[in-house]
Amino acid sequence: MFCFHGFCSIFQRHKKFFHAKVSSLPNGKEWKLEEKGILEFSDPVSQIKFELPDFPELKEDPSLEIQKINQTLDNLKLQFEQSQQEHINLESQIIHISEIRDTQANSHLEILKINKQISSFKLQLEKLQQEKTNLELQIRNTPKINQQLDDLRLELNRSHELRKSLESCIVEMSKELDDLKLQLSHSQGKQKELESRLEKMPFLRDYAYQQDLQIDLLKVRIESLENRQI
């Protein structure tokens with residue numbers, strides 16, 4: 001029910017007392033502690049002895065005891081300074097850990113960038129591989145294409161030769177047609193001349209009839225040649 005503050009030897013009776021606060025429970029038989037009481041002692045020597053278990057009892061030579069106390073205080077001060085240095089070292093380690101984490105985060109980002117570049121390079125490599133495959137296929141098909149080109153060239157040469165032959169035939173047929181037209185013109189002139197003579201000389205009618213037949217044959221031949229020329 002009490003909290004103890006301070007330290008006191010068995011020979012020291014000086015203390016302060018503060019009452020505790022309690023309240024009764026509804027059953028009327030039990031109590032509830034609301035606030036603890038306080039016992040406060042004021043013996044500094046006892047307090048030092050409690051904090052420092054190795055603190056010696058005061059003897060007849062107080063200067064020696066004071067030196068020991070000072071030595072103890074120096075040791076405590078040294079321990080405190082060491083603790084501060086350890087605290088500083090720990091903070092520097094924490095900062096170093098933070099830097100390492102930042103470095104790891106940056107490294108992770110760099111790894112992600114590199115992986116993205118690798119993926120892009122893989123896509124480009126696949127495209128190049130496909131292009132290579134297409135080129136190899138074209139190279140394999142090149143002999144067939146060359147053969148087709150040779151066949152087309154041969155066919156073209158044949159067409160040129162046939163065209164030349166047809167052109168020469170057309171020229172010959174044109175000459176022959178011109179000759180036939182000239183013969184027809186002469187025959188028509190003779191026919192007119194014979195007709196005029198027939199009117200005067202009946203015995204020439206048979207000859208004129210034969211000339212008419214020849215003229216008709218020439219006309220038929222001319223038409224045939226013209227159709228062939230078309």
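Here the sequence shown stands for residues 1 to 230, where the numbers follow our numbering.
For every residue, glycine included, the Cβ atom is placed at its ideal position computed from N, Cα and C.
Determine, using beta carbons only, whether Leu177 and Leu135 come nearer to each other than 8 Å. no
Flag this pair as yes or no: are the beta carbons of Lys183 and Leu218 separated by less than 8 Å? The question names Lys, but residue 183 is Gln in the sequence shown. A contact, by the Cβ cut-off of 8 Å.
Drop a sphere of 10 angstroms on the beta-carbon of Ser187, count the other beta-carbons inside from all chains shown, and report buried for 16 or more, exposed for fewer. buried
Flag this pair as yes or no: are the beta carbons of Ile222 and Lys181 separated by less than 8 Å? yes
For the putative contact between Gln190 and Gln211, defined by C-beta atoms under 8 Å, what is the C-beta separation to the nearest angstrom? Correcting the residue type first, residue 190 is Lys in the shown sequence and not Gln. Rounded, the Cβ-Cβ distance is 6 Å, consistent with contact.
Cβ shell of Arg238 (< 6 Å), same chain only, five flanking positions each side left out: Not covered by the structure: residue 238. The range shown for the chain is 1 to 230.
Beta-bridge partners of Ser23, as assigned by DSSP: Lys32
Rounded to whole angstroms, what's the CA-CA distance from Asn75 to Ile69? Just pull it up for me. 10 Å
Between Gln183 and the ligand ATP, is there a pair consisting of the residue's CB and a ligand heavy atom that are separated by less than 7 Å? Among the ligands in the structure shown, none appear at all, so the ligand ATP cannot be discussed.
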